[in-house]
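Engineer: Each residue of the sequence shown is one higher than the one before, starting from 1 at the first, in the UniProt record's numbering. Using N, Cα and C, we set each Cβ at its ideal position, and we do this for glycine too.
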Amino acid sequence: MAVKIGKAMGCEVIVFSRSSSKTEDALRLGAGKVVISTDAEAMKAVARSCHFIYNSIAFAHDVQPYLNVLRTRGTMIMVGGVPQGAMPGGTFAIIPRGLKIAGSCIGGIRETQQMIDFCAEHSILSDIELIPATPEDVDKAWERAINSDVKFRFVIDTAKTLTAPDAA
Numbered sequence: 001m002a003v004k005i006g007k008a009m010g011c012e013v014i015v016f017s018r019s020s021s022k023t024e025d026a027l028r029l030g031a032g033k034v035v036i037s038t039d040a041e042a043m044k045a046v047a048r049s050c051h052f053i054y055n056s057i058a059f060a061h062d063v064q065p066y067l068n069v070l071r072t073r074g075t076m077i078m079v080g081g082v083p084q085g086a087m088p089g090g091t092f093a094i095i096p097r098g099l100k101i102a103g104s105c106i107g108g109i110r111e112t113q114q115m116i117d118f119c120a121e122h123s124i125l126s127d128i129e130l131i132p133a134t135p136e137d138v139d140k141a142w143e144r145a146i147n148s149d150v151k152f153r154f155v156i157d158t159a160k161t162l163t164a165p166d167a168a
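(1) Using only the alpha-carbon positions, how far apart do V13 and A159 sit?
(2) Quick check on this structure: which residue in S19, L130 and A26 has the alpha carbon closest to the alpha carbon of M1?
(3) List the whole-angstrom C-beta distance separating A93 from N68, where the pair is believed to meet the contact cut-off of C-beta under 8 Å.
(4) Among residues of its own chain, excluding the 5 on either side of I156, which ones have a beta-carbon nearer than 7 Å to its beta-carbon?
(5) In the DSSP output, which residue or residues are listed as bridge partners for D157?
(6) Tell me which residue opens and which closes the beta strand (DSSP E) that L70 is part of.
(7) According to DSSP, what are the bridge partners of S17?
(8) Just curious, the beta strand (DSSP E) that I101 is in, first and last residue?
(9) Out of I101, H51 and K140, which has the shortest C-alpha to C-alpha gap to T72?
(10) For F52, name the three-state secondary structure that DSSP assigns.
Listed below in structure tokens is the structure:
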């Protein structure tokens, strides 16, 4: 969603990924470029080029390579829920360049409504993977989620399994 929203806002969107496996999807969603974050030369090529980074990485990781990509007075917002104390990287890169790191869980009602309205105005929809509402399929989806084998949100298709009670 961040790629689609950024593109709709007129931003030049760069997706950072640990491997090239997401490149096709990222470009289809509107990214102008995909940078492999594990490739030091690729990261160096985009050094100090971003005003803003939306960091949705949900595990402990070194933020230093991403701080190096920010322009002076740039901002990185963390939304991935990284455990406390699990974000290595020194403050030296932050202070002299005036970098900002912020965090967010979810907006309030007003902000959420604004984003829903923005998405509606720009025909932005979530990409999903619809799964049958069987215990076996839900268990498989859960295992895939645990193993990071998910590209988009799972939606359980309950329409085919729910029936109206018999009228008596």
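Structural biologist: So, from the data block:
(1) 36 Å
(2) The residue from S19, L130 and A26 with its alpha-carbon nearest to that of M1 is A26.
(3) 7 Å
(4) I131, A133 and V138
(5) P132
(6) L70 to M78
(7) Under the DSSP definition of a beta bridge, S17 partners with I36.
(8) K100 to G103
(9) When the alpha-carbon of T72 is set against those of I101, H51 and K140, the nearest one is in H51.
(10) strand
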